[in-house]
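Numbering (this note's numbering), first residue to last: 1 to 799.
For glycine and all other residues, C-beta sits at the position ideal for the given N, C-alpha and C.
Read through the structure below, which is laid out as structure tokens, and then see the notes.
Have a look at this one:
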């Protein structure tokens with residue numbers, strides 16, 4: 001008998017030793033309602049009594065598993081704990097969905113239905129991060145992301161830049177609606193209220209084909225919040241106050257949800273600031289007033305739903321009085337002076353020069369899911385943008401704008417997402433868009449941008465295929481047809497002699513002459529083809545490798561084609577060219593990322609080659625009835641932009657965290673063997689944060705940011721005649737300011753309020769040491785220093 005038992009023990013031991021325990025379970029924790037990744041979820045392996053934490057993308061892996069039953073218990077703050085059992089016989093991947101509790105609704109931020117393929121370089125700002133910029137602009141918020149900078153006009157007009165590209169080369173999508181708001185101007189900031197967003201994503205790669213073919217720079221997605229299907233009523237009110245500009249912001253929102261799937265949200269905000277202050281002097285006429293409101297109502301279930309959204313943004317923005325030059329000699333004096341030529345006492349009044357912009361956006365979206373097939377979505381949207389720019393006029397004309405443009409845009413977009421296959425996800429859709437620009441008469445000036453109609457038709461298909469448990473590829477293709485029909489008046493001498501258009505485009509000329517100008521009807525048609533290809537590989541030890549290639553095409557915008565005259569807000573003559581061709585860019589970006597709670601990093605080198613790269617450059621001066629003005633002209637060249645973004649995250653102790661970033665970029669004009677104009681300088685930042693969750697979620701942080709001097713810039717300096725001196729004087733508009741370093745302090749804590757609510761208190765100091773500096777990407781650097789120290793207090797009540 002003992003020999004029999006010995007044989008059984010040996011056989012069992014042999015079975016154990018030969019059992020295959022090399023399997024890997026790869027999981028991803030997602031939100032039940034829309035599939036948003038849930039970072040920080042705790043995964044308990046009940047079989048082996050071990051714990052794993054999901055990374056920032058909601059992913060986790062358990063290795064060296066044996067065949068047989070695997071029992072996992074998944075938990076996450078604000079979610080019901082979930083227990084799953086499965087039989088393991090090979091490497092396995094499974095997505096795990098979690099349901100949020102009702103009482104956590106006012107703390108939960110998840111993404112909307114907007115989708116981007118996984119194989120793209122994406123950085124995000126979540127609700128808590130966005131709230132720190134409640135009294136700032138979209139550009140200010142995005143400036144915290146590596147590779148993202150801004151082209152400024154003062155500190156209130158902030159245009160986002162991704163890898164040195166801005167304006168028409170960036171797609172800004174607000175609640176799944178592409179934003180059109182006369183974005184071509186250097187001093188035209190996006191009309192977005194950051195308080196209405198739940199999350200902001202920046203896509204640096206090429207996977208933007210769902211939204212357009214012309215995202216040569218990248219894509220910015222402003223996403224709304226999504227809500228659990230339960231009966232609830234909650235909201236929040238936040239107030240901020242700033243000492244620099246003596247102003248602030250108030251924002252309030254209220255959300256009602258029903259277990260039937262219905263939901264509604266109302267939100268509004270008001271921002272006001274007076275004149276801002278540099279460290280040594282007042283910045284006269286730099287105030288801002290902003291009124292914003294949005295409303296949303298919808299219904300959602302697993303099978304069907306709809307979403308109706310409307311927003312209104314109105315901005316009145318003062319332009320630094322000292323920057324509004326009357327001629328080139330004023331510019332020379334400003335450059336040679338150490339401070340603004342005009343300084344007055346502090347005031348909340350916004351006088352001319354100023355901008356007054358209003359933007360309406362409306363959207364109706366509906367979807368239907370088909371079992372074992374996919375999801376069909378249909379969206380209609382419209383936008384109305386009215387831009388008024390006021391010059392320094394006197395008498396009865398001071399309240400008449402010198403630029404008055406009304407832009408109407410409407411589009412229809414059906415989309416079909418096929419997800420019936422286990423390893424393959426397909427997305428295909430159609431775009432129909434109509435746009436009309438109306439140059440309102442009565443301004444007393446020739447319109448800088450003429451009346452035009454623009455028609456767009458696009459079709460696209462994208463897909464993601466999982467090669468195995470740890471890797472996937474994505475690909476996409478898009479075709480767009482665009483047609484522009486304009487009515488434009490040209491001086492007879494310019495048409496026949498200066499630009500030789502009488503020979504190049506005789507079919508556009510009607511032959512009618514009014515006030516020494518031809519009436520013409522330019523018409524252009526463009527065919528665009530864009531494509532993308534990406535590969536994603538999950539490596540061991542939380543590493544992830546990604547490579548993405550994109551082909552993008554952009555048609556000339558109306559400003560590049562038709563500009564012809566004094567752009568008063570920019571105080572320069574701008575000249576477009578009817579000979580402009582479409583831009584074509586080849587983009588390659590690579591990323592190596594490690595997502596780990598103790599130490600993580602992202603390193604992303606990139607390269608872009610752009611044919612027919614359009615740039616606006618100074619070419620000299622011209623004399624008008626108001627004096628001599630700089631002349632800036634659009635031209636095209638062959639260009640390349642390459643660089644690298646680096647992000648670091650380190651958990652030093654349980655309460656102290658470190659984050660850092662570095663951005664390097666170089667832009668070259670290959671046709672002329674010089675640098676490209678307006679490229680961001682090398683910059684890096686470091687931040688230490690102390691967090692004590694047990695002590696009222698106390699957070700204290702100190703951030704340093706350094707921007708080096710931009711030494712790679714083209715020489716577009718010129719001479720102009722000074723009537724006073726009766727000689728030519730040198731105009732240095734190319735040299736860049738010195739490097740600078742800024743320190744910012746921030747702190748916050750949360751307290752219970754009214755039993756179920758919370759009160760969050762923030763105290764921040766910007767430009768802690770009141771540094772005097774100038775940023776070369778600020779159009780007003782010729783006239784003034786940047787803004788000095790600012791003390792900021794924010795209060796947010798969740799109820």
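Report back the beta-carbon spacing between residue 762 and residue 747 to the nearest angstrom; my notes put them in contact at under 8 Å.
7 Å
Would you list the residues sitting across from residue 366 in a DSSP beta bridge?
306, 378
Could you round the C-beta distance between residue 145 and residue 202 to whole angstroms and report it? I think they count as a contact, below 8 Å.
6 Å
For residue 724, three-class secondary structure by DSSP
coil
Assuming residue 552 and residue 587 form a contact by the criterion Cβ under 8 Å, report the distance between their Cβ atoms to the nearest whole angstrom.
7 Å
For residue 59, tell me which candidate among 381, 540, 590 has the shortest Cα-Cα distance.
540
Output yes or no for whether 9 Å exceeds the beta carbon distance between residue 416 and residue 395.
no
Just tell me which of 507, 474, 519, 470 has its CA closest to the CA of residue 461.
474
Going along the chain, which unbroken runs of the beta strand (DSSP E) with 3 or more residues stay wholly within the segment 629 to 700?
656 to 669, 683 to 692
So residue 554 and residue 149 are in contact, right, with Cβ under 8 Å, and what is the actual spacing, rounded?
Not confirmed; about 20 Å, so no contact.
From which residue to which residue does the alpha helix (DSSP H) around residue 486 run?
Run containing residue 486: none in the alpha helix (DSSP H); it sits in the beta strand (DSSP E), 471 to 491.
Where residue 91 and residue 367 are concerned, what is the direct C-alpha to C-alpha distance, given to the nearest angstrom?
35 Å
Quick check on residue 781: does DSSP put it in helix, strand or coil?
coil
Grouping DSSP H, G and I as helix and E and B as strand, with all else coil, what is residue 128?
helix
Taking the alpha-carbon of residue 341 as reference, which of 251, 782, 292 has the nearest alpha-carbon?
782
Does the segment 607 to 622 come close enough to the segment 631 to 647 to have 3 or more Cβ pairs within less than 8 Å?
yes
Identify every run of the beta strand (DSSP E) within the segment 497 to 554, keeping only runs that are complete inside it and at least 3 residues long; order them along the chain.
509 to 514, 517 to 520, 523 to 538, 543 to 554
Taking residue 790 as the reference, give the member of 276, 211, 754 with the closest Cα.
276
Specify the secondary structure class of residue 194 as computed by DSSP and reduced to three states.
helix
Supposed close pair residue 592, residue 543 - CB separation, criterion 8 Å
7 Å
Leaving aside the five residues before and after residue 483 along the sequence, list all residues of the same chain whose C-beta is less than 6 Å from its C-beta, in chain order.
455, 525
Quick one: grab the DSSP three-state call for residue 210.
coil
Do the segment 349 to 361 and the segment 376 to 388 touch if we need at least three Cβ pairs shorter than 8 Å?
yes
Specify the secondary structure class of residue 713 as computed by DSSP and reduced to three states.
coil
Please list the terminal residues of the continuous beta strand (DSSP E) segment that includes residue 155.
Note, residue 155: premise wrong, no beta strand (DSSP E); not H, not E.
Element boundaries [beta strand (DSSP E), containing residue 245]
Taken as a continuous stretch (DSSP letters only), residue 245 belongs to no beta strand (DSSP E), as it is neither H nor E.
Per the contact definition of three or more C-beta pairs closer than 8 Å, is the segment 692 to 702 in contact with the segment 177 to 193?
no
Would you mind reading off the limits of the beta strand (DSSP E) that contains residue 295?
288 to 300
With 16 other CB atoms within 10 Å as the buried threshold, where does residue 447 fall?
buried
Mind the definition here: the segment 148 to 166 touches the segment 770 to 786 only if three or more C-beta pairs lie below 8 Å; say whether that holds.
yes
Separation of residue 51 from residue 71, as counted between CA atoms:
12 Å
Residue 322 in three-state terms, based on DSSP
helix
Going by Cα to Cα distance, which pick from 384, 609, 674, 709 is closest to residue 681?
709
Residue 532 and residue 511 closer than 9 Å at C-beta
no
Sufficient close CB pairs (3 or more, under 8 Å) joining the segment 255 to 266 to the segment 293 to 311
yes
Just to confirm, are residue 604 and residue 646 a CB contact at a threshold of 9 Å?
yes
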